[in-house]
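Engineer: Have a look at this one before I ask anything.
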Amino acid sequence: MNPIIILVTPQMGANIGATARAMKNFGLNELRIVAPRDGWPNEQARSNAVGAVNIIDHAKIFDSLEDSIKDLEYLYATTCIKRAMNKDYVFSQNLPLDYPNSEKVGIMFGRENNGLSNEEIAFATKIITINTTEFSSLNIAQAVIIICYELLRNSTPREDRMYITFKN
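Take the sequence shown: its position 69, counting from 1, is numbered 69 in the UniProt record's numbering, and each next residue is one higher.
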């Protein structure tokens, strides 16, 4: 599983960098950014990438969401808000069970202040939601790392996982 991570109009370079770092932690490498608020390239994104600058350097920038997704076969949208839309929801922990057998899968994350619009979510095949308590708004990079973690955790056979041990 190697989905394409799509950030829709991210507002802060620091969050783009933290997203790249989260992606690299879990083996994902393709980042697409739609209309970043503070322009591109972004030095704050580079400095916050900490070891994942290659993802920042190879990020693809798009002016529109439509252009960023036109080559995808399957698209997830992330949101913490129940929408009155005819879309199936998938909890993040069940994502690997739902993940399609397609070559080009994308996962969209919305802007920091108000997420994805209904118009943007309408492009998605399904919606991913992350279980939280009453306060359900996550930072964009936090949401990315949870999704990346769930994909790796549930898709890697136990015997193939790397275990790190510490000696006193």
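Think of the CB as a built atom: it goes at the ideal place given N, C-alpha and C, for glycine as much as any other residue.
Here the structure is a predicted model, which means the values were calculated and not measured.
For ALA18 and PHE26, I'd like the C-alpha separation in whole angstroms.
Structural biologist: 13 Å
Engineer: For ASP67 and PHE135, I'd like the C-alpha separation in whole angstroms.
Structural biologist: 33 Å
Engineer: Per DSSP, what kind of secondary structure is MET108 in: helix, strand or coil?
Structural biologist: strand
Engineer: Which residues bound the alpha helix (DSSP H) around THR79?
Structural biologist: Note, THR79: premise wrong, no alpha helix (DSSP H); not H, not E.
Engineer: Nearest to GLY13 by CA position, among LEU28, ALA35, MET1, is which residue?
Structural biologist: ALA35
Engineer: Out of LEU152, ASN2, ILE16, ASN113, point me to the one whose CA is closest to LEU75's CA.
Structural biologist: Residue ASN2 is the option with its Cα nearest to LEU75.
Engineer: Kindly indicate which three-state DSSP category TYR99 falls into: helix, strand or coil?
Structural biologist: coil
Engineer: When the Cβ atoms of the segment 118-137 are set against those of the segment 82-101, are three or more pairs found closer than 8 Å?
Structural biologist: Verdict: yes, contact present.
Engineer: For THR19, which of helix, strand or coil comes out of DSSP?
Structural biologist: helix
Engineer: Where do the ends of the alpha helix (DSSP H) carrying ASP88 lie?
Structural biologist: Premise fails: ASP88 lies in the beta strand (DSSP E), 88-91, not in any alpha helix (DSSP H).
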